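S.K.: Sequential numbering from 19 applies to the sequence shown in the numbering used here.
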Amino acid sequence: MKDLLGYFLFVFTSIFTIVNPIGTMPVYAAFTESVDRRQAVRVARTAVLVAFAAMILFALTGKLVFNFFSISVDGLRVVGGVLFFITGYDMLQGKNSRIKKVTHAEAAEIEEFAITPLAIPMICGPGTITVVIVQIQEAHSLIHKSILFTTFGLVSLATFLILISSKKLLALMGSSGSKVFFRLMGLILMMIAVEYFFKGLAPYVHKLLKI
């Protein structure tokens, strides 16, 4: 039971941190500032549903992608570790390379903004896809797969609730509070990155040293 709880906490933390709804809040809040509450909620709902569907899609087709391109899970772990570390470092420095300023002039319609860039790549970007593919390969039992797919839903739900509450949360946290939380998420992501990197590197080292 403890192992399953530990597994759930690890995958939830990994996916939630790389999805980074806290970092997405300012962009969502800025874009939906001039629309009514119903439209703002619809934007968040559409974005989260699209991102959730993308997670499911990559989880189900991940093995086919691996086989088609002859990619190993360990190789993806190494690349993912590097990617997560860079992203985490940027977050620790107060940057967010995935997020750019979005204005009404750049998105013709609200629904278009909800799908891209909000759902893809901001919520479900390369980092999220990497985590999903790696974790589905490691989920060997039915219960682990069930926990993983449940985690997709919980992270999506948490992201939706955070987005629709973004104005209140930003006001409550203030500028300093949001920066501290953002940096803390970056630190956690860097620690996860180290775990991914060395776990993926170990088989290559063993093969090289023949041990």
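We put the CB at the ideal spot given by N, CA and C, even for glycine.
Please read these numbers as outputs of a predicted model, since none were measured by experiment.
Relative to the C-alpha of I133, which candidate in N85, G195, I210, A72 has its C-alpha closest?
M.R.: Counting from 1 along the sequence shown, the entry for residue 133 is found at position 115. Checking every option, the nearest Cα to that of I133 belongs to A72.
S.K.: What residue ranges within the segment 137-182 form continuous alpha helix (DSSP H) runs of no fewer than 4 residues, ordered along the chain?
M.R.: If we require 4 residues or more, the alpha helix (DSSP H) runs fully inside the segment 137-182 come out as 144-156, 160-182.
S.K.: Are there 16 or more other CB atoms within 10 angstroms of the CB of Y222, so buried, or fewer, so exposed?
M.R.: Against the sequence shown, residue 222 aligns to sequence position 204. Classification for Y222: exposed.
S.K.: In the DSSP assignment, find the alpha helix (DSSP H) that holds N85 and state where it starts and stops.
M.R.: For the purposes of this step, residue 85 is taken as the residue at position 67 of the sequence shown. Counting along the chain, the alpha helix (DSSP H) containing N85 begins and ends at 55-87.
S.K.: Does the segment 179-195 come into contact with the segment 32-48, if we say contact requires no fewer than three beta-carbon pairs (one atom in each stretch) closer than 8 Å?
M.R.: Cβ pair count under 8 Å is three or more, so yes.
S.K.: If you measure between the beta carbons of A157 and L166, is that distance less than 9 Å?
M.R.: In the sequence shown, residue 157 corresponds to position 139, counting from 1. In the sequence shown, residue 166 corresponds to position 148, counting from 1. Yes, these two residues count as a Cβ contact at 9 Å.
S.K.: DSSP state of K113, grouped into three classes?
M.R.: Here the question's residue 113 lines up with position 95 in the sequence shown. Coil at K113, not helix or strand.
S.K.: Would you say V173 and V37 are within 9 Å of each other, going by their C-beta atoms?
M.R.: For this step, residue 173 is matched to residue 155 along the sequence shown. For this step, residue 37 is matched to residue 19 along the sequence shown. Cβ distance < 9 Å, so V173 and V37 count as in contact.
S.K.: Would you check whether the ligand ADP has a heavy atom nearer than 8 Å to the C-beta of G24?
M.R.: The ligand ADP is not part of the structure shown, which contains no ligands of any sort.
S.K.: Applying the criterion that 16 or more other CB atoms from any shown protein chain within 10 Å of the CB defines a buried residue, is T50 buried or exposed?
M.R.: Reading the sequence shown from its first residue, position 32 is the one you call residue 50. Under this definition T50 is a buried residue.
S.K.: Roughly how many angstroms lie between the CA atoms of I3 and R60, to the nearest whole one?
M.R.: This structure cannot settle anything about residue 3, because the visible part of the chain is limited to 19 through 229.
S.K.: For chain D, find out if any of its Cβ atoms is closer than 9 Å to the Cβ of I128; answer yes or no.
M.R.: Although the question refers to chain D, the structure presented lacks it and comprises just one protein chain.
S.K.: Out of Y107, T169, M191, which one is the CA nearest neighbour of G24?
M.R.: Position 6 of the sequence shown, counting from 1, holds the residue named residue 24. Of the listed residues, the one whose Cα sits closest to G24 is T169.
S.K.: Can you give me the start and stop residues for the alpha helix (DSSP H) that T50 sits inside?
M.R.: Here residue 50 refers to the residue found at position 32 when the sequence shown is read from its first residue. Premise fails: T50 is in no alpha helix (DSSP H) and is neither H nor E.
S.K.: Buried or exposed: which applies to T146, given that a residue is buried once 16 or more other Cβ atoms fall within 10 Å of its Cβ?
M.R.: To locate residue 146, count along the sequence shown from 1; it is residue 128. It counts as buried.
S.K.: By alpha-carbon positions, which one of G192, L226, T64 ends up nearest to C142?
M.R.: Start at 1 with the first residue of the sequence shown, and residue 142 comes out as number 124. Per the Cα distances, T64.
S.K.: Taking the C-alpha atoms as reference points, what is the distance between L188 and M140?
M.R.: Along the sequence shown, one-based indexing puts residue 188 at 170. Along the sequence shown, one-based indexing puts residue 140 at 122. So the alpha carbons of these two residues sit roughly 18 Å apart.
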